[in-house]
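Visitor: Counting with my numbering, you get residues 261 to 515 for the letters of the sequence shown.
Note that the Cβ used here is the ideal one computed from N, Cα and C, for glycine as well.
Please read all numbers here as calculations on a predicted model, not as lab measurements.
My questions all concern the structure below.
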Amino acid sequence: MKKYRIYTVIVVFVISMCLSVRQNSFLVYANEQSEVVGELIGKDGKIYFIYPDGTLAMDWVQIGNDWFFFSPYDGSMAIDTVINGFVFGKDGKFTGIDTGTPVNSDQQLKEVVNHILSVIIQPYMTEEEKIHICYMHIINNTVYKRTYDTPTGDWTGEYAMQLFMTGEGNCYKYASAFAYLMAGLGYEAKVITGEVSARRGGTTPHGWTEVKIGDEWYIFDTELQDANGKDYYKKTYDNYPSLPLIKMVEWEVHF
């Protein structure tokens, strides 16, 4: 099933985006909604994104599968430049990270997490509802991408950021991203690396998340639920659906 990445750093929920020309601007529609969710406007050689209420985007916006950044100072789109290590092409699309440019990665990650939470969390939600919507947000907005690298060093923040920025990743990135959303909600969270039952027998390397709720630690496995549809939400090492689950190393996450 095809997924639509609707990240909120993002700030707009865009489902199968399309663009239609209107004079010197582009209306951004959501195909499964009737309302206009934003408008790209060119003025004085710069491009801006305007929400239906007339306010300017002054942060990240995702249109279709592409990311754009609008200045927090004047709202103009970043074009053909590098900002804090983030590279933008001549069409304004985010193209990657310049590893030679110093990046305040902790602050960037915190800002991304806070933006996601500000959109998906509502004041009336219970704590359980907040956790569940974060869990489903990762599942619904991430495409699995297999990589065979074994994470080493201080990797959880980098992996979470990569998933938030690209909407794709392996089990370690799924686990990291969810862990940071939980940390953003104020919970103690860990990324766990170890092994899980393999389809063809034996075990295979895997990563998942543990979150402390009350006095108990629970397992949340966004990647495996995404992969096979079973319920891996708020489990223990006794009722996890794909035993054996072998815990080897834990990585605490925090801002």
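Just how far apart, CA to CA, sit Tyr-419 and Thr-412?
Guide: When rounded, the distance between both Cα atoms is 11 Å.
Visitor: Could I get the ranges of all uninterrupted beta strand (DSSP E) runs contained in the segment 450–483, with 3 residues as the minimum, in chain order?
Guide: Taking only runs of at least 3 residues, the beta strand (DSSP E) segments lying wholly in the segment 450–483 are 463–473, 476–480.
Visitor: Enumerate in chain order the residues of its own chain whose CB-to-CB distance from Asn-374 is below 7 Å, with the five nearest sequence positions on each side excluded.
Guide: Cβ neighbours of Asn-374 beyond the five flanking positions: Gly-444.
Visitor: Is the segment 387–406 touching the segment 335–354, taking contact as three or more C-beta pairs under 8 Å?
Guide: Verdict: no, contact absent.
Visitor: Once you ignore the five residues that flank Asp-481 on each side, which residues in its own chain have a CB closer than 6 Å to its CB?
Guide: Cβ neighbours of Asp-481 beyond the five flanking positions: Trp-468, Tyr-492.
Visitor: Given that a residue counts as buried once 16 or more other Cβ atoms are within 10 Å of its Cβ, and exposed if not, what is Gly-474?
Guide: That one is exposed.
Visitor: Check whether the Cβ atoms of Met-385 and Thr-453 lie closer than 8 Å to each other.
Guide: No; because the gap between Cβ atoms is not below 8 Å, this pair is not in contact.
Visitor: From which residue to which residue does the beta strand (DSSP E) around Asp-326 run?
Guide: Start and end: 326–329.
Visitor: Identify which residue in Leu-505, Ile-399, Glu-512 has its Cα closest to the Cα of Asn-488.
Guide: Measuring from the Cα of Asn-488, the nearest candidate turns out to be Ile-399.
Visitor: Between which residues of its own chain and Asn-284 is the CB-CB distance below 6 Å, once the five residues before and five after are set aside?
Guide: Unreliable positioning characterises Asn-284 in this predicted model, as indicated by a pLDDT of 45, which lies under 50. The coordinate reading is nonetheless provided below. Here the set comprises Gly-302.
Visitor: Taking the alpha carbon of Glu-512 as the reference point, which residue from Pro-504, Asn-499, Gly-417 has its own alpha carbon closest?
Guide: Of the candidates Pro-504, Asn-499, Gly-417, the one whose C-alpha sits nearest the C-alpha of Glu-512 is Gly-417.
Visitor: If you drop the 5 nearest sequence neighbours on each side, which residues of the same chain put their C-beta closer than 6 Å to that of Ser-331?
Guide: For Ser-331, where only same-chain residues beyond five positions count, there are no Cβ hits under 6 Å.
Visitor: Please report how far the alpha carbon of Leu-505 lies from the alpha carbon of Tyr-440, in whole angstroms.
Guide: If I take the Cα positions, the gap works out to 22 Å.
Visitor: What separation, rounded to the nearest whole angstrom, lies between the Cα atoms of Thr-464 and Ser-502?
Guide: Rounded to whole angstroms, Thr-464 to Ser-502 spans 11 Å at the Cα level.
Visitor: Please look up how many angstroms separate the CB atoms of Met-421 and Val-372, rounded, as I've assumed it's under 8 Å.
Guide: Right, their Cβ atoms sit about 7 Å apart.
Visitor: Please report the residue range of the beta strand (DSSP E) in which Gln-382 lies.
Guide: It is not in any beta strand (DSSP E) - Gln-382 carries neither H nor E in the DSSP assignment.
Visitor: What does the alpha-carbon distance come out to for the pair Glu-299 and Trp-477?
Guide: C-alpha separation (whole angstroms): 44 Å.
Visitor: According to DSSP, what are the bridge partners of Gln-485?
Guide: Answer by DSSP bridge pairing: none, since Gln-485 is not bridged.
Visitor: Within 10 Å of its beta-carbon, does Lys-490 have 16 or more other beta-carbons around it, so buried, or fewer, so exposed?
Guide: Answer is exposed; the Cβ neighbour count stays below 16.
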